[in-house]
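Beneath this line is the structure, given in structure tokens, with notes to follow.
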Amino acid sequence: MALSRMSITRRCCLLIIALALVAISNVDGSNFNKPHTHTGKLELFEPGDPKVKLDGKALGILKAGKPYSTQVQTGDSGRGLVVQDVNAPTHIVWDRILDYDNYSNMVPKTVESKNYKVIPHTPTKANNFLEKEIFTRMKVGFPMLKLEFFVRHFIYIKHHNSLTWTLDYTKESDFDDSAGYWFILPHPDDPEEKTRLYYSVQVSMFDWVPKFVVDFMSSKALTDATAWVKKYSEIEWAKELERGGGKKTNPERNSKGVGKSIFSNMVPFGKKKKEEEERLAAEAAERLALEEQEAQKKRSLVRIRTGWRRYVLVSLVLTLAVYNVALLFKSDEKTLASS
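Residue numbers for the sequence shown, in our numbering: 2 to 340.
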């Protein structure tokens, strides 16, 4: 008696599942100590005004508190860009965007986020007025899947009102590539208490990443990004107003909403300057040492988690293989009995 069609279909399905699990278990995950597979595929964003014209329809959408989506031309292709008005001043908005260590409490799907390196720069024409680079380890979570990636942020706030980013290609990420951009200006109708922000991102994923993750990272992430910035910026601004930090009570607040002293910008000199430099150098060395210790602990945890994940996947493959063999023997016994 020949094997039934249902039995053959069941075995094929089990074989496909087993092969898929083997493929996933053999995928090399993110690695802090290993370079990425390339040094950049996507076109980089340039800091500065995206020069997006907002017509009456766009302004109506923004006035209603909703994000306005459009396209910007970059080279031979277009990129999605979202514009959002925020009822908070620009320094509050920048504080939220740059608070990478707190992203897991604000940004949808983000489960972990931590800076691992900060490089200050002296802004000059030669470096396009770059102020700082911030390197951040991030992890986003989806059902049955978590993706880790390493981001290199370029800060151009003072001269270009911008922030751009790429992957940190000295680390291996679960994203194939990523590039993005923030551009933030005081709102034209209320520059002291409102902000207009522009956001764009482009993500390239590996073939093994499920389609629903690719769709989220390439489309929904655009509006989600401006939504969380708007929400938490407005919450923080409301708190500052309650503390009396608004423009009416303290017009000379600094970027943190605290009143500035006339001596706040004075630079130490002579012996005091040397002592200050030594103190800052000691603090920086201590921070680096602590960060390295923390990074070592995290790398150990990542290795343990990766080992357990692969162990579980291999166990599932073996279990399915045994089950498939058992079905085969059972079918053979029925065939012999019927003959």
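By construction, the Cβ of each residue, glycine as well, lies at the ideal position given by its N, Cα and C atoms.
Buried or exposed (CB count within 10 angstroms, at least 16 for buried), residue i
i	result
residue 240	exposed
residue 244	exposed
residue 152	buried
residue 168	buried
residue 208	exposed
residue 156	buried
residue 36	exposed
residue 218	buried
residue 231	buried
residue 38	exposed
residue 191	exposed
residue 120	exposed
residue 52	exposed
residue 42	exposed
residue 186	exposed
residue 211	exposed
residue 146	exposed
residue 172	buried
residue 109	exposed
residue 144	exposed
Inter-residue spacing [alpha-carbon to alpha-carbon] between residue i and residue j
i	j	result
residue 178	residue 140	15 Å
residue 134	residue 113	20 Å
residue 82	residue 32	31 Å
residue 73	residue 193	28 Å
residue 68	residue 87	10 Å
residue 226	residue 137	17 Å
residue 213	residue 246	43 Å
residue 102	residue 223	21 Å
residue 158	residue 40	25 Å
residue 206	residue 161	29 Å
residue 195	residue 96	14 Å
residue 199	residue 71	10 Å
residue 118	residue 215	28 Å
residue 234	residue 94	5 Å
residue 79	residue 44	11 Å
residue 30	residue 57	47 Å
residue 180	residue 202	6 Å
residue 166	residue 149	16 Å
residue 50	residue 197	12 Å
residue 46	residue 183	10 Å
residue 107	residue 85	17 Å
residue 163	residue 188	15 Å
residue 236	residue 55	27 Å
residue 170	residue 228	29 Å
residue 254	residue 242	Caution applies to residue 254, whose pLDDT of 42 falls short of 50 and renders its modelled position unreliable; the model cannot decide the point.
residue 104	residue 111	7 Å
residue 204	residue 238	31 Å
residue 132	residue 154	11 Å
residue 91	residue 34	37 Å
residue 89	residue 174	34 Å
Three-state secondary structure assigned by DSSP to residue i
i	result
residue 89	coil
residue 242	helix
residue 205	strand
residue 217	helix
residue 82	strand
residue 58	helix
residue 235	helix
residue 32	strand
residue 38	coil
residue 111	strand
residue 52	coil
residue 67	coil
Counting beta carbon pairs with one atom in the stretch 124-131 and one in the stretch 62-70, are three or more of them shorter than 8 Å? With the cut-off at 8 Å, the stretch 62-70 and the stretch 124-131 do not touch.
Ordered list of alpha helix (DSSP H) runs contained in the stretch 125-213, each at least 4 residues: Assignment of alpha helix (DSSP H) within the stretch 125-213, counting only whole runs of 4 or more residues, yields 158-161 in chain order.
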